Amino acid sequence: MTTASIDHQSSGPPRTPGQGRKASRNSAGSSAGRTPGEGRMAALLLSPTLLVLALVIAYPLISAIHQSLYRAQSGLDADGYVTEGEAFVGLANYADLFAGESGHRFMNAFGNTTFFTVTTVLLETLLGLALALAMNRAFKGRSFLRASILVPWAVPTAVSGLLWRWIFQSDGIANTLIGSEILWTAEGTASKLAVIIAEVWKTAPFIGLLVLAGMQIIPEEVYEAAKIDGAGWWRQLGSITLPLVKPTLLVAVLFRMLDALRMFDLPFVLIGPGKESVETLSMLAWDESNQLRYGSASAFAVILFLYVAAVAIVFVKVLGADVTGAKQLGAKRRARKANRIQKAEATQ
Amino acid sequence: MRQRRHTWQTLFTTTALVMAAAVGLTACGGSTSEPKAAESSATAFEGKGPINYVSSRDASGAANKSIEEWNAAHPDQKVTFIELPDSADQQRQQLIQNAQIKSDTFSVLNLDVVWNSEFAANKWVLPLPADAIPTDKMIPATVDAATYRDNLIGAPYYTDGALFYFRQDLLTAAGIAAPPKTWDEMKSACEKILALPEAAGMSCYTGQFDKNEALTVNFSEAVASAGGTVVDAEGKPTVDTPEAKEGLSLLVDGFKEGLFPSDAITYLEEQGRRAFQDGKVVFLRNWPFLYSSLSATDGSSKVAGKFGITSIPGTDGPGVSTLGGRNLAVSPFTPNKETALEFIKFFTSEEQARKRLELSSRAPAFADLYRDPAVVAKRPFFPTLLESLENAQPRPKVVQYGATTKAIQEEAYAALTGAKETDAALKDMQAKLEEISAK
């Protein structure tokens, strides 16, 4: 659903009407001169797509919202059998998220989810950028480095969770190396740190490779021109590399954020279910459904969905992340323009 | 701007169409959430034909052999083995999902003893007819664990109890004649042993204390060993009692006084095994499956030939083990109930249990097998395990087991780590358990 909404957000017509590019690849827009018959035809042709969307995106979503308004009313009768039934409870499942024991768990999980997202994505971005800068240089064994950097990303998360669990055991490699006895997998700050380390290790390469791809389309002449102008490495990084790689970087960061908000398997395997210090919203929803409380599990899931959607929309609107590539052409044009200007300056 | 308005219109129309279609779909699927009519389940076991046996994998292949034997004798009532994932949580989920949609795919269910009450109370399994299973020849605790409100709802398949592993060589070196039977004896034994030069740097005892099902096991054992209970026969929680406090204090003080290794709060079965096997602890509470790896003479175990086993210690005498294991039960949704019942009788018979012992070390429910010299020759820990099992108690028999074990882990863990005082933890545990059982 999130990707779909992003799609609608940014696949609209070009923001500057004056540009007036014929948006022939825009499926939704470009309707200036169409006749009613064309519209019906378009609707007809699109209907299979809409049906599939309804089936795989809207149906589960509405079903979850529907479920979140109900609660299983179970009690035991005299013979010890469960009397079953689901009662409509309105927004009670949502109200419970902010009060009492379940409210405490929810706020804790919400805090953990946000904390992990902010810290891991920040560290991944910095590390990913550094990796991309390192890989973008020509040196011996560059392709080997590129391949090897992908290994953490290729390992399934549950498996890397087990590997890190091994490392973070009380008598594991981590404690041996730093010569201390930190209980990484027990409740506490150390377990949060363990999750962050493992998560960054796993996903920094993802950002690194996406950013590397973005860097490789920056024309070499731009750098040559800058060099002639006497710009140092830092100046080149700040004035050329980062601005030009920004669209790619934003998309990578957005994807990572959406992923991190749904984090489940790593803390689950590495630290274990039910540990307050690392419990995320997804783990909470899983736990509730495991206890057959589908109503509150759905409420958690819906809240998580809204949270993820809100973050995505804010990210796209405020930072202008270009998810569908609509603005890429413009960016290229700007790059060429910058190139030309710099060349002109260089020849003066 | 005109273009932009059109886009929004299209977007709205699209969304509306998609939503309308989805609402239609939801409405179609909505009929399943109606309250189920509490129909009186026909307890008549009728209908013959092929059935499915649903269970976790049996790596030893012993279960498959029993099924092959059945199939050879009953070609028209073939049993098919449906394997479930190894994770107990996932097994439970699949079994429940199948029961909730009343699918007839699963005929005979392999249930963990702690799911017994939940499945019985929800009528996801049928009570077995009286006298169908020779319960008088089985270890009483295993029958108790398969019973819900005086009805036997599953046939005990295999069972499991705690063993107390101890370092015989160090006991001898310290001049201690017999292994400790109580916590006090264990503490004074440790004082002597840890003073020995060869025991330098060792800790006294460990169990499993990570926030996990194993913590519920260790907590229940400590409480029961101190004469308390977690829930009474009616399923009412009873943890805010002096006995329960004494039990939990054994574990809390163990950490405080340095009786346990400081990292024991992260221990599950496997970490405890390694600690004992590497000579880091003198005493260990664990399951019988460790016995073979501890006795391995290929150099992997430093304690091979140096350790002994006995029942876990209590406060005044031998402690009380909790019970593990599995039961077989019949789904009410299978059309071939007679075959299912006959198959269960066959599969859990003493004869089949004896045959499976050839391949598998899973502890049978029949007490006689533990005294059989031929069996004991192969499984030397069986007599001790029988003692442990004869004294064993099931874990809390409650319908909402999942929530119960979670509440126990939460509060016991808080007490062990010092986040809460023992009294406060037990009080909160009692409150949580009361809330769960009231639902």
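Read top to bottom, the protein sequences are chains C and W.
If you use this note's numbering, the first sequence corresponds to residues 62 to 409, in order.
If you use this note's numbering, the second sequence corresponds to residues 88 to 526, in order.
Each residue gets a CB set at the ideal place from its N, CA and C atoms; glycine is no exception.
Because the structure is a prediction, the values reported are computed rather than measured.
Answer yes or no: do residue i and residue j have a C-beta to C-beta separation smaller than 8 Å?
{"i": "I154 (chain W)", "j": "F168 (chain W)", "result": "yes"}
{"i": "A479 (chain W)", "j": "L410 (chain W)", "result": "yes"}
{"i": "S312 (chain W)", "j": "K484 (chain W)", "result": "no"}
{"i": "I364 (chain C)", "j": "G269 (chain C)", "result": "no"}
{"i": "A191 (chain C)", "j": "M276 (chain C)", "result": "no"}
{"i": "D403 (chain W)", "j": "T269 (chain W)", "result": "yes"}
{"i": "L415 (chain W)", "j": "A450 (chain W)", "result": "no"}
{"i": "P348 (chain W)", "j": "K367 (chain W)", "result": "yes"}
{"i": "R361 (chain W)", "j": "L377 (chain W)", "result": "no"}
{"i": "L503 (chain W)", "j": "A331 (chain W)", "result": "no"}
{"i": "G222 (chain C)", "j": "V330 (chain C)", "result": "yes"}
{"i": "I396 (chain W)", "j": "F468 (chain W)", "result": "yes"}
{"i": "A249 (chain W)", "j": "S475 (chain W)", "result": "yes"}
{"i": "I523 (chain W)", "j": "Q487 (chain W)", "result": "yes"}
{"i": "V256 (chain C)", "j": "P328 (chain C)", "result": "yes"}
{"i": "V230 (chain W)", "j": "V417 (chain W)", "result": "no"}
{"i": "G412 (chain W)", "j": "P221 (chain W)", "result": "no"}
Please list the partners that residue i has in chain W, where partner means a Cβ-to-Cβ separation under 8 Å.
{"i": "T246 (chain C)", "result": "D297, T353"}
{"i": "L238 (chain C)", "result": "Residues of chain W passing the Cβ test: none, with the nearest at roughly 16 Å."}
{"i": "E242 (chain C)", "result": "S349, D350"}
{"i": "G40 (chain C)", "result": "Outside the shown range of chain C (62 to 409) lies residue 40 (chain C), about which nothing can therefore be said."}
Using a C-beta to C-beta distance shorter than 7 Å, which residues of chain W count as neighbours of residue i?
{"i": "D140 (chain C)", "result": "R236"}
{"i": "A231 (chain C)", "result": "Per the sequence presented here, residue 231 (chain C) reads as Ser, with Ala not at that position. Within chain W, the residues near S231 (chain C) are D350, T353."}
Classify residue i as helix, strand or coil using the three-state DSSP reduction.
{"i": "D340 (chain W)", "result": "helix"}
{"i": "M273 (chain W)", "result": "helix"}
{"i": "D191 (chain W)", "result": "coil"}
{"i": "G381 (chain C)", "result": "coil"}
{"i": "I289 (chain C)", "result": "helix"}
{"i": "F176 (chain C)", "result": "helix"}
{"i": "S290 (chain W)", "result": "strand"}
{"i": "R198 (chain C)", "result": "coil"}
{"i": "G275 (chain C)", "result": "helix"}
{"i": "P470 (chain W)", "result": "helix"}
{"i": "T491 (chain W)", "result": "helix"}
{"i": "A129 (chain W)", "result": "Low local confidence applies: a pLDDT of 46 at A129 (chain W) is under 50, so the model's placement there is unreliable, with the coordinate-based value given in what follows. Of the three classes helix, strand and coil, the one that applies to A129 (chain W) here is coil, per DSSP."}
{"i": "S221 (chain C)", "result": "helix"}
{"i": "M168 (chain C)", "result": "helix"}
{"i": "G505 (chain W)", "result": "coil"}
{"i": "G161 (chain C)", "result": "helix"}
{"i": "L520 (chain W)", "result": "helix"}
{"i": "E282 (chain C)", "result": "helix"}
{"i": "F205 (chain C)", "result": "helix"}
{"i": "T237 (chain C)", "result": "helix"}
Name the chain C residues that come within less than 8 Å of residue i, Cβ to Cβ?
{"i": "G189 (chain W)", "result": "A small fix is needed here, since residue 189 (chain W) is Lys in this sequence, not Gly. Chain C residues near K189 (chain W): none, gap ~13 Å exceeds 8 Å."}
On the DSSP bridge list, what partners appear for residue i?
{"i": "Q480 (chain W)", "result": "W:T409"}
{"i": "S143 (chain W)", "result": "W:L171"}
{"i": "Y245 (chain W)", "result": "W:R413, W:P451"}
{"i": "M225 (chain W)", "result": "W:F453"}
{"i": "T234 (chain W)", "result": "W:L239"}
{"i": "P400 (chain W)", "result": "W:P405"}
{"i": "V166 (chain W)", "result": "W:I138"}
{"i": "R254 (chain W)", "result": "W:F394"}
{"i": "N197 (chain W)", "result": "W:L415"}
For residue i, go through chain C and note every residue whose CB falls closer than 9 Å to its CB, in chain order.
{"i": "T504 (chain W)", "result": "A247, E248, G249"}
{"i": "Q496 (chain W)", "result": "G335"}
{"i": "Q181 (chain W)", "result": "Correct list: empty, because the minimum Cβ distance to chain C is about 12 Å."}
{"i": "A490 (chain W)", "result": "Q352, R354"}
Name the chain C residues that come within less than 7 Å of residue i, Cβ to Cβ?
{"i": "N209 (chain W)", "result": "V143"}
{"i": "D176 (chain W)", "result": "N351"}
{"i": "V486 (chain W)", "result": "L137, V143"}
{"i": "K46 (chain W)", "result": "As shown, chain W starts at 88 and ends at 526. That puts residue 46 (chain W) outside it, with no answer to give."}
Using 7 Å as the cut-off, classify the Cβ of residue i as near or not near the heavy atoms of the ligand NAP, replying yes or no.
{"i": "Q178 (chain W)", "result": "Here there are no bound small molecules, and the ligand NAP is not part of this structure."}
### Query
Curious, which full-length beta strand (DSSP E) runs of at least 3 residues does the segment 332–370 of chain C contain?
Correct list: empty.
### Query
What are the complete alpha helix (DSSP H) segments, minimum 4 residues, inside the segment 313–388 of chain W?
329–343, 356–364, 377–381
### Query
What are the complete beta strand (DSSP E) segments, minimum 3 residues, inside the segment 86–152 of chain C?
Listed in chain order, the complete beta strand (DSSP E) runs (minimum 3 residues) inside the segment 86–152 of chain C are 131–133, 147–149.
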